[in-house]
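Residue numbers (the working numbering): 30 to 222. Note that CB positions come from ideal geometry on N, CA and C, so glycine has one too. Source: prediction; values computed, not measured.
Below you can see the structure in the form of structure tokens.
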């Protein structure tokens, strides 16, 4: 907190002082509200700032006490701003054994904080999938609907899981034999999910 100027006490900046005498209810209430009034809070807060902080607050208008608090914290504590989450968002990777929904949830939470939309979430989701999975999902999904992509991804994971449930059934479709026959087979299975 900034030190008061020589000869002044911190209490000199406070509204009128109350000595404890019994007074009219309205005067007592008015005295209390002088501390609650936003303008007085801002003025007291301004006096605690110096240097670049004081320059920052000059001329700013705050609608609520929460607005003052949020603006101050966002300005002088950027590690808590939405942009501080960009690096963690960029470094998200798929963890083996994670379901498609869990992976999407992890991405969506950070994307929401940063303010990213569905396109960025979809692109990040796809780019973090294992290569074989991403290829099969992209080739088996006719549109870029995120819900469909997540569903097909989970189906791929289930097919790849050694302990996949016995309830999965696959329809046999003719697939052109090619060097990537395994991928075409997986795509056919994903289309049937």
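- About 6 Å separates the CB atoms of residue 154 and residue 136; that is less than 8 Å, so the two are in contact.
- Straight through space, the alpha carbons of residue 104 and residue 213 are spaced by roughly 53 Å.
- Between the alpha carbons of residue 218 and residue 98 lies a distance of about 54 Å.
- Apart from sequence neighbours up to five positions away, the residues of its chain that approach residue 122 with a beta-carbon distance below 8 Å are 157, ordered along the chain.
- Within the model, the alpha-carbon separation for residue 96 versus residue 86 is close to 12 Å.
- For residue 151, the enclosing alpha helix (DSSP H) covers residues 147-156.
- Taking 8 Å as the cut-off, the Cβ atoms of residue 140 and residue 216 do not count as close.
- Residues of the same chain with a CB within less than 8 Å of the CB of residue 100, apart from the 5 flanking positions on each side, are 89, 91 in chain order.
- Rounded to whole angstroms, the separation of the alpha carbons of residue 184 and residue 175 is 14 Å.
- Membership of residue 175 in the alpha helix (DSSP H) is indicated by the continuous run 175-189.
- Contact between residue 129 and residue 179 holds: CB atoms are separated by about 5 Å, below the 8 Å threshold.
- A distance of 8 Å or more separates the beta carbons of residue 163 and residue 170.
- In terms of CA proximity to residue 186, 132 leads the group 53, 66, 132.
- Around residue 149, the same chain offers 140 as residues with beta carbons nearer than 8 Å, after the five sequence neighbours per side are excluded.
- Residue 119 and residue 144 have their C-alpha atoms spaced approximately 14 Å apart.
- Counting only the Cα atoms, residue 55 lies some 52 Å from residue 115.
- Going by C-alpha positions, residue 83 is about 29 Å away from residue 59.
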